[in-house]
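**Q**
2 protein chains.
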Amino acid sequence: MKDFEYYAPTKVFFGKGYENKAGEIIASYGYRKVMIHYGGGSAKRTGLLDRLEASLAGSGVEYVECGGVQPNPKLSLAREAIGLCLREKVDLILAVGGGSVIDSAKCVAAGAADPDTDPWRYLNREKTVEKALPVGVVLTISASGSEMSSSCVITNEEGWLKRSFNSDLVRPLFALCNPELTYSVSKYQTGCGTVDIMMHTLERYFTTDGEAPLTDRLAEGLLKEVIAAGRIADQNPEDYDARATLMWASSLSHNGLTGLGRDYFMSAHQIEHELSGMFDQVAHGAGLSVLFPAWCRYIYRYAIDRFCQYAVRVWNLEMDYSHPENTALAGIQATEDYFRSIGMPTRMKELGIDPTKEQIEEMAEKATFFGARTFPDYIPLGKKEIVEIFRLAE
Amino acid sequence: MKDFEYYAPTKVFFGKGYENKAGEIIASYGYRKVMIHYGGGSAKRTGLLDRLEASLAGSGVEYVECGGVQPNPKLSLAREAIGLCLREKVDLILAVGGGSVIDSAKCVAAGAADPDTDPWRYLNREKTVEKALPVGVVLTISASGSEMSSSCVITNEEGWLKRSFNSDLVRPLFALCNPELTYSVSKYQTGCGTVDIMMHTLERYFTTDGEAPLTDRLAEGLLKEVIAAGRIADQNPEDYDARATLMWASSLSHNGLTGLGRDYFMSAHQIEHELSGMFDQVAHGAGLSVLFPAWCRYIYRYAIDRFCQYAVRVWNLEMDYSHPENTALAGIQATEDYFRSIGMPTRMKELGIDPTKEQIEEMAEKATFFGARTFPDYIPLGKKEIVEIFRLAE
Numbered sequence: 360m361k362d363f364e365y366y367a368p369t370k371v372f373f374g375k376g377y378e379n380k381a382g383e384i385i386a387s388y389g390y391r392k393v394m395i396h397y398g399g400g401s402a403k404r405t406g407l408l409d410r411l412e413a414s415l416a417g418s419g420v421e422y423v424e425c426g427g428v429q430p431n432p433k434l435s436l437a438r439e440a441i442g443l444c445l446r447e448k449v450d451l452i453l454a455v456g457g458g459s460v461i462d463s464a465k466c467v468a469a470g471a472a473d474p475d476t477d478p479w480r481y482l483n484r485e486k487t488v489e490k491a492l493p494v495g496v497v498l499t500i501s502a503s504g505s506e507m508s509s510s511c512v513i514t515n516e517e518g519w520l521k522r523s524f525n526s527d528l529v530r531p532l533f534a535l536c537n538p539e540l541t542y543s544v545s546k547y548q549t550g551c552g553t554v555d556i557m558m559h560t561l562e563r564y565f566t567t568d569g570e571a572p573l574t575d576r577l578a579e580g581l582l583k584e585v586i587a588a589g590r591i592a593d594q595n596p597e598d599y600d601a602r603a604t605l606m607w608a609s610s611l612s613h614n615g616l617t618g619l620g621r622d623y624f625m626s627a628h629q630i631e632h633e634l635s636g637m638f639d640q641v642a643h644g645a646g647l648s649v650l651f652p653a654w655c656r657y658i659y660r661y662a663i664d665r666f667c668q669y670a671v672r673v674w675n676l677e678m679d680y681s682h683p684e685n686t687a688l689a690g691i692q693a694t695e696d697y698f699r700s701i702g703m704p705t706r707m708k709e710l711g712i713d714p715t716k717e718q719i720e721e722m723a724e725k726a727t728f729f730g731a732r733t734f735p736d737y738i739p740l741g742k743k744e745i746v747e748i749f750r751l752a753e
Numbered sequence: 360m361k362d363f364e365y366y367a368p369t370k371v372f373f374g375k376g377y378e379n380k381a382g383e384i385i386a387s388y389g390y391r392k393v394m395i396h397y398g399g400g401s402a403k404r405t406g407l408l409d410r411l412e413a414s415l416a417g418s419g420v421e422y423v424e425c426g427g428v429q430p431n432p433k434l435s436l437a438r439e440a441i442g443l444c445l446r447e448k449v450d451l452i453l454a455v456g457g458g459s460v461i462d463s464a465k466c467v468a469a470g471a472a473d474p475d476t477d478p479w480r481y482l483n484r485e486k487t488v489e490k491a492l493p494v495g496v497v498l499t500i501s502a503s504g505s506e507m508s509s510s511c512v513i514t515n516e517e518g519w520l521k522r523s524f525n526s527d528l529v530r531p532l533f534a535l536c537n538p539e540l541t542y543s544v545s546k547y548q549t550g551c552g553t554v555d556i557m558m559h560t561l562e563r564y565f566t567t568d569g570e571a572p573l574t575d576r577l578a579e580g581l582l583k584e585v586i587a588a589g590r591i592a593d594q595n596p597e598d599y600d601a602r603a604t605l606m607w608a609s610s611l612s613h614n615g616l617t618g619l620g621r622d623y624f625m626s627a628h629q630i631e632h633e634l635s636g637m638f639d640q641v642a643h644g645a646g647l648s649v650l651f652p653a654w655c656r657y658i659y660r661y662a663i664d665r666f667c668q669y670a671v672r673v674w675n676l677e678m679d680y681s682h683p684e685n686t687a688l689a690g691i692q693a694t695e696d697y698f699r700s701i702g703m704p705t706r707m708k709e710l711g712i713d714p715t716k717e718q719i720e721e722m723a724e725k726a727t728f729f730g731a732r733t734f735p736d737y738i739p740l741g742k743k744e745i746v747e748i749f750r751l752a753e
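Heads up: the protein sequence lines correspond to chains A and B, in order.
Throughout, my numbering is defined as the position within the first sequence, counted from one, plus 359.
Throughout, my numbering is defined as the position within the second sequence, counted from one, plus 359.
1) List the endpoints of the continuous alpha helix (DSSP H) containing Gly646(A).
2) Run through chain A and tell me which residues come within less than 9 angstroms of Glu378(B), C-beta to C-beta.
3) Determine the direct distance from the alpha carbon of Thr549(A) to that of Tyr542(A), and round the result to whole angstroms.
4) Tell me Asn525(B)'s beta-bridge partners as DSSP assigns them.
5) Nearest CA to the CA of Cys444(A): which residue from Pro493(A), Lys433(A), Leu482(A)?
6) My output table needs one value for Pro368(B): the three-state DSSP class, helix, strand or coil.
7) Output the boundary residues of the beta strand (DSSP E) element that contains Met394(A).
8) Among all the DSSP beta bridges, which residues are the ones paired with Tyr422(B)?
9) According to DSSP, is Ala454(B) part of a helix, a strand, or is it coil?
10) Cβ atoms of Leu647(B) and Met558(B): under 7 angstroms apart, would you say?
11) Flag this pair as touching only if the region 582–598 of chain B and the region 585–601 of chain A have three or more C-beta atom pairs under 8 angstroms; answer yes or no.
12) Which residues of the region 572–583 of chain B have a Cβ closer than 7 angstroms to any Cβ of chain A? Give them in chain order.
13) Exposed or buried, Trp479(B), counting other C-beta atoms within 10 Å across all chains shown (16 or more means buried)?
14) Enumerated in chain order, which unbroken segments of the beta strand (DSSP E) with a length of 3 residues or greater are wholly contained in the region 530–581 of chain B?
15) I need the boundaries of the beta strand (DSSP E) containing Val496(A), first residue and last residue.
16) Examine chain A for any beta-carbon lying closer than 7 angstroms to the beta-carbon of Glu570(B), and answer yes or no.
17) Could you name the residues of chain B that Thr604(A) contacts, counting a contact when the two beta carbons are closer than 7 angstroms?
18) Per DSSP, what kind of secondary structure is Lys486(A) in: helix, strand or coil?
19) Figure out for me which residue from Ser435(A), Val512(A), Glu439(A), Ala491(A) has the closest Cα to the Cα of Ser459(A).
20) Give the C-beta separation of Tyr659(A) and Ile630(A) to the nearest angstrom, bearing in mind that I take them to be a contact with Cβ-Cβ under 8 angstroms.
21) Who are the Cβ neighbours of Ser612(B) in its own chain at under 8 angstroms, not counting the five residues just before and after it?
22) Put Phe734(B) into one of helix, strand or coil per three-state DSSP.
23) Where do the ends of the alpha helix (DSSP H) carrying Gln640(A) lie?
24) Is it true that the CB of Arg563(A) sits closer than 7 angstroms to the CB of Thr617(A)?
25) Measure how close the beta-carbons of Met507(A) and Leu453(A) come, nearest whole angstrom, since I'm counting them as under 8 angstroms.
26) Within 10 Å of its beta-carbon, does His682(B) have 16 or more other beta-carbons around it, so buried, or fewer, so exposed?
27) Can you check whether the C-beta of Glu364(B) is within less than 7 angstroms of a C-beta belonging to chain A?
28) In or out: Lys490(B) buried (at least 16 other Cβ within 10 Å) or exposed?
29) Between Glu424(A), Leu434(A), Ala472(A), Ser435(A), which lies nearest to Val455(A) when the distance is taken from Cα to Cα?
30) In the DSSP assignment, find the unbroken alpha helix (DSSP H) run with Phe624(B) in it and report its ends.
31) Any C-beta of chain B within less than 7 angstroms: which residues of the region 483–517 of chain A qualify?
32) Put Leu728(B) into one of helix, strand or coil per three-state DSSP.
33) Assign Lys708(A) to one of three DSSP states: helix, strand, or coil.
34) Closest Cβ-Cβ distance between Pro368(A) and chain B: below 7 angstroms?
35) Hey, Leu407(A) and Leu540(A) are a contact pair by Cβ (cut 8 angstroms); roughly how many whole angstroms apart?
36) For chain A, check one thing: does any of its Cβ atoms lie closer than 7 angstroms to the Cβ of Gly374(B)?
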């Protein structure tokens, strides 16, 4: 087992109705003035915002609102929100939403704690975050795992640069996780979330470092139950236990637990960034649903044992000892069939896009920083290999 | 899934040589004066204390020593240590050892932060802990999980009362976990530790609340790997990966993760307290190794499905659909055989004790607070039932 550091200090309040205790919880930490950060109108429409504000008021916690966070959250809005926090002397950012809102809140938290540093400097890796306001979360979508993670991804509209920073200082202080709040998430978004959750563990699972057997078991167990719960939630959006499994798995899948003791590649994530970078309509989970099976079909021959373990333990497939490659391929097929069964695309055309040969070459070139790097993977992935993977997704 | 709160803020530094970074890590938090708390002579003898002190000195962190913590740590020593902390203006307690040392450090941390309150008041549940000095851990035995837990168990020699408190304020700030430091743990203590780790998950696993499937999988996965690693460590004490699995599992098995979303009973733990209360020579893990199979054999008929799931998923046994009780019993037998295979006792006589009928009645009576309570379990356990369980351990 490789050395690791594990730090997951977020206090998770999991269950029905915790959003109604937001005021009490925030007051118990001693905070007095909150900025409620949220996305589109759904938090308003469903009455969630009203309930939160009633809870805050009931505990004597003041608040200001800042909505309008978009998918792929934008730096300009974060900067506006930082200004609001400073003017209003906010001492805690309350993110109400999913990954985009939480990431925006993290950026605001860092920016508002040090007004002399524009947050772009953190995202552009010119400066390390040294302080941050606390972030609280009211989770409404199970997918990103940002509610327990240290990562923050923001898009700068000047040049459309998508950049990220990681800092333990922006790990949320607490997360209020009520699975019922996800009942209204659409079938498609539920599918995207299920894939995203699985991918955070899968990308940590396919690695050359085999000797972390406890981590393997936790990862495999999580995958089995996410697969089952994703299927149930797709059929019955108001199944509490399925929604609960997805919600708790979203946190565990990205807080580090399922990858401890080994390195990992994250190749599908990196290739997907190029796809959704070029084609804005591609949702992250949907892009992964297309590109992960393609990556698997390209790479499995270099990691037959690992793909067999995945097929046998996660998908309960028989091991074919004479032809292990059959077992490996059957596991990949099972994954792809599953993604399809919950309404997810597995080919680029099903994303509503049809990249030309030139566009594929361009994405591969960008992914390798125009030839300046290859991806570490079971074999190094350069432009040629990435083009092959895109082809397998056609 | 039942509602839950999850909070595991301890920063874990896991791998070879982290004890040599103790000074650097403590200095990075801004602490300047440490009390090193440890047990018998082994920390001194192995040179660990010297290496720690060199590391502290190298980072300009001052220290004082307080050794002599015994198994079942004593209140009198904790009180002495509190006096030392106050005189020396210590700002962090560094526990070097296993559960006993860490628990003693937690007691000292609470006591030294509020000198006007004798720590017995926390243990005797007269007062809640309101502040505590930070506790750091250098772990040398994989067993208790105290390195990530909120619990503190101390014995007051006046009246020989064993009492505990729980407080998030005494969850260790950090834990330095180097599996190599456990190479020298004896076969017997390794066995006790393996049982203790399994029990922290098993006692959370056997519950009436079935609908936490993700928690089930994490628990089952952890058990499978602890079983495998315990076997390897028993045969080859210097197998790094096995020692690493046991060490990481000890933390995960008692930080809450493997029991989230359901209630649990902890009956075997409670009955074992009476046994080691009456017979001081009984090690906690060894007592559990005797009493857990006995509890299983008594209770399984009220929870056949659960015992079958355990047998099938943890022990890979075939499900006998016509006679499920056979599957349940086979899982219990496998557990008992396993405990025996790693040198653990499974009958009271093998603990070197042979309680009389009267002593068994007395222990059962004490366990029920002289008839004032029954244990919640698959069926309520009163004196009669507890006597039966002891009988099954004869």
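Where is the CB? At the ideal position from N, CA and C, for every residue including glycine.
Just so we're clear, the structure is a prediction, and the values are computed from it rather than from any experiment.
**A** Short version:
1) Numbered from 1 along the first sequence, position 287 holds the residue referred to as residue 646(A). Per DSSP, Gly646(A) belongs to the alpha helix (DSSP H) from 643–658.
2) Here residue 378(B) is taken as the residue at index 19 of the second sequence, counted from 1. Proximity of chain A to Glu378(B) at the Cβ level (cut-off 9 angstroms) is not reached, the minimal Cβ distance being about 13 angstroms.
3) The count along the first sequence starts at 1 and reaches residue 542(A) at position 183. The count along the first sequence starts at 1 and reaches residue 549(A) at position 190. Between Tyr542(A) and Thr549(A), the C-alpha separation is close to 9 angstroms.
4) On the second sequence, position 166 is the one that residue 525(B) refers to. Ser510(B), per the DSSP bridge assignment.
5) The residue labelled residue 444(A) in the question sits at position 85 within the first sequence. Out of Pro493(A), Lys433(A), Leu482(A), the CA that lies nearest to the CA of Cys444(A) is found in Pro493(A).
6) Translated into the one-based positions of the second sequence, residue 368(B) becomes position 9. Assigned with DSSP and collapsed to three states, Pro368(B) falls in strand.
7) Your numbering for residue 394(A) matches position 35 in the first sequence. Under the DSSP assignment, Met394(A) falls in the beta strand (DSSP E) whose first and last residues are 392–397.
8) Against the second sequence, residue 422(B) aligns to sequence position 63. Partner(s): Val393(B).
9) By one-based count along the second sequence, residue 454(B) stands at place 95. Reduced to three states, the DSSP call for Ala454(B) is strand.
10) The residue labelled residue 558(B) in the question sits at position 199 within the second sequence. The residue labelled residue 647(B) in the question sits at position 288 within the second sequence. Closer than 7 angstroms, so yes.
11) No: fewer than three Cβ pairs fall under 8 angstroms.
12) Result list: Pro572, Leu573, Arg576, Leu577, Glu579, Gly580, Leu581, Lys583.
13) For the purposes of this step, residue 479(B) is taken as the residue at position 120 of the second sequence. Under this definition Trp479(B) is a buried residue.
14) At a cut-off of 3 residues, the continuous stretches assigned as beta strand (DSSP E) that sit fully inside the region 530–581 of chain B are 533–536.
15) Taking the first sequence and counting its residues from 1, the one referred to as residue 496(A) is at position 137. From DSSP, the beta strand (DSSP E) with Val496(A) extends over 494–498.
16) As a first step, residue 570(B) must be located in the second sequence, where it is residue number 211. Against chain A, the CB of Glu570(B) has a partner CB under 7 angstroms away; the residue lies at that interface.
17) Taking the first residue of the first sequence as position 1, residue 604(A) is located at position 245. Near Thr604(A) (Cβ distances below 7 angstroms), the residues of chain B are Pro572, Leu573.
18) Within the first sequence, numbered from 1, the residue matching residue 486(A) stands at position 127. Of the three classes helix, strand and coil, the one that applies to Lys486(A) here is coil, per DSSP.
19) In the first sequence, counting from the first residue as 1, residue 459(A) sits at position 100. Out of Ser435(A), Val512(A), Glu439(A), Ala491(A), Val512(A) has the C-alpha closest to the C-alpha of Ser459(A).
20) On the first sequence, position 300 is the one that residue 659(A) refers to. On the first sequence, position 271 is the one that residue 630(A) refers to. The C-beta separation of Tyr659(A) from Ile630(A) comes to about 16 angstroms, leaving the pair out of contact by the 8 angstroms criterion.
21) Locating residue 612(B) in the second sequence gives position 253, where the first residue counts as 1. The answer, listed in chain order, is Gly504, Ile556, Met557, His559, Thr560, Leu581, Val585.
22) Counted from its first residue, the second sequence places residue 734(B) at position 375. Strand.
23) The residue you call residue 640(A) lines up with position 281 of the first sequence. Neither: Gln640(A) is in no alpha helix (DSSP H) and is coded neither H nor E.
24) To locate residue 617(A), count along the first sequence from 1; it is residue 258. To locate residue 563(A), count along the first sequence from 1; it is residue 204. Yes, the pair counts as a contact, with Cβ atoms nearer than the cut-off.
25) Indexing the first sequence from 1 puts residue 507(A) at position 148. Indexing the first sequence from 1 puts residue 453(A) at position 94. Contact between Met507(A) and Leu453(A) is ruled out by a C-beta separation of about 16 angstroms, above the 8 angstroms threshold.
26) One-based indexing of the second sequence puts residue 682(B) at position 323. With fewer than 16 neighbouring CB atoms inside 10 Å of its own CB, His682(B) falls in the exposed class.
27) Position 5 of the second sequence, counted from the start, is the residue given in the question as residue 364(B). By this cut-off, Glu364(B) is an interface position.
28) Here residue 490(B) refers to the residue found at position 131 when the second sequence is read from its first residue. Lys490(B) should be labelled exposed.
29) The sequence position of residue 455(A) within the first sequence is 96, counting from 1. Ranking the options by Cα distance to Val455(A), first place goes to Glu424(A).
30) For the purposes of this step, residue 624(B) is taken as the residue at position 265 of the second sequence. Careful: Phe624(B) lies outside any alpha helix (DSSP H) and carries neither H nor E.
31) If you check each beta-carbon in the region 483–517 of chain A against every beta-carbon of chain B, none falls closer than 7 angstroms.
32) What you label residue 728(B) is simply residue 369 of the second sequence in a count that begins at 1. Rather than Leu, the amino acid found at residue 728(B) in this sequence is Phe. Phe728(B): coil per DSSP, three-state reduction.
33) As a position in the first sequence, residue 708(A) is number 349, starting the count at 1. Of the three classes helix, strand and coil, the one that applies to Lys708(A) here is helix, per DSSP.
34) Taking the first sequence and counting its residues from 1, the one referred to as residue 368(A) is at position 9. For Pro368(A), the answer is yes, since a Cβ of chain B falls inside 7 angstroms of its Cβ.
35) Counting from one through the first sequence, the residue named residue 407(A) turns up at place 48. Counting from one through the first sequence, the residue named residue 540(A) turns up at place 181. Yes, Leu407(A) and Leu540(A) are in contact; Cβ-Cβ is about 7 angstroms, under 8 angstroms.
36) As a working mapping, residue 374(B) is identified with position 15 in the second sequence. Output row for Gly374(B): interface = yes.
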